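Below: the structure, in structure tokens.
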Amino acid sequence: MGQHILLASTGGAWHMAAGQTVRIVNPHGTQAVDAWALAADGSETGDGTVQYSSMEHTRSVNSSIYIDTGLSVMGMDRRPLFTMVEDATPGHHDTQLCPCNGPLYADLGQPPAHRSCAGNFHEALAQIGLEMPFTPASLNLFMRVRVGPEGEILRDLPVAAPGGHVTLKADRAIVLVLSACPQDVTPINGADCTPRDIHLEFSRGPL
Ligand SMILES: [Zn+2]
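Next up, the structure:
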């Protein structure tokens, strides 16, 4: 554990014990980070997969379309997988948009080899010997998405200051998967459309 650098446009997966925390630091303030969790305590959904972070259940339980300090990300069992315990940004982390993916980049005219958060999710799991048969919706840290009065989804520029960070605390044994979003066509990672590194600081064990 300890400190890690999540390189621009790449993903990673880490086992976390219940009570362990990770601080996710945004050195430039503009970089979106897609986040997922899989249960590592043996709990399953009943349809052949481990419990995984569900943005649908998260929004339902929290009655919010955002994740902010004190709110948890739920599994399909409506129980917390992890909780945001600190937020040194303006908050309102997005749960609405899908992780970027191959078809999205094809629509943007990019080659098939363009990296994506969905691809990073599966690549990161494979690196620790795990797999999922599908790509769950992601929590999109540092990403600013508002809903307009007519239900429009409005993608704003990121607003965290350089060094802005959040801290997530595992509520049960989980595998945390993170992707430093590779989006370099639209300005979701900042007006200069430049993916950047993210710094991670894991606590040594449960606090
Ligand atoms: Zn992405």
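With the first letter of the sequence shown counted as 1, position 145 gets the number 526 in the working numbering; the numbers rise by one all the way through. Cβ coordinates follow ideal geometry from the N, Cα and C atoms, glycine included. Model, not experiment: these values are computed from the prediction.
Sorry if obvious, but does the Cβ on residue i come closer than 8 Å to a heavy atom of ligand 1?
{"i": "Asp415", "result": "yes"}
{"i": "Cys562", "result": "yes"}
{"i": "Cys498", "result": "yes"}
{"i": "Pro568", "result": "no"}
{"i": "Pro517", "result": "no"}
{"i": "Cys481", "result": "yes"}
Closer than 6 Å by C-beta to residue i: which residues in its own chain qualify, once you throw out the five before and the five after it? Chain order, please.
{"i": "Cys498", "result": "Asp415, Pro480, Cys481, Ser560, Cys562"}
{"i": "Arg404", "result": "His546, Thr548, Glu582"}
For my contact list, residue i and residue j are in at a C-beta cut-off of 8 Å; report their separation, rounded to the angstrom.
{"i": "Asp422", "j": "Ala554", "result": "4 Å"}
{"i": "Tyr447", "j": "Asp475", "result": "7 Å"}
{"i": "Ile579", "j": "Asn407", "result": "6 Å"}
{"i": "Ala398", "j": "Leu557", "result": "Going by Cβ atoms, the distance from Ala398 to Leu557 rounds to 11 Å, so no, they are not a contact pair."}
Residue j and residue i - do their beta-carbons sit closer together than 9 Å?
{"i": "Phe523", "j": "Gln412", "result": "yes"}
{"i": "Val442", "j": "Met457", "result": "no"}
{"i": "Gly586", "j": "Gln401", "result": "yes"}
{"i": "Gly451", "j": "Met465", "result": "yes"}
{"i": "Gly544", "j": "Gly410", "result": "yes"}
Who are the Cβ neighbours of residue i in its own chain at under 8 Å, not counting the five residues just before and after it?
{"i": "Pro576", "result": "Ala389, Ser390, Gln412, Ala561, Cys562, Pro563, Gln564, Asp565, Asn570"}
{"i": "Ala487", "result": "Pro493"}
{"i": "Pro461", "result": "Ser453, Val454, Met455, Asp552, Arg553"}
Only counting the same chain, and skipping five residues up and downstream in sequence, which positions put a Cβ closer than 7 Å to that of residue i?
{"i": "Arg527", "result": "Leu535, Asp537"}
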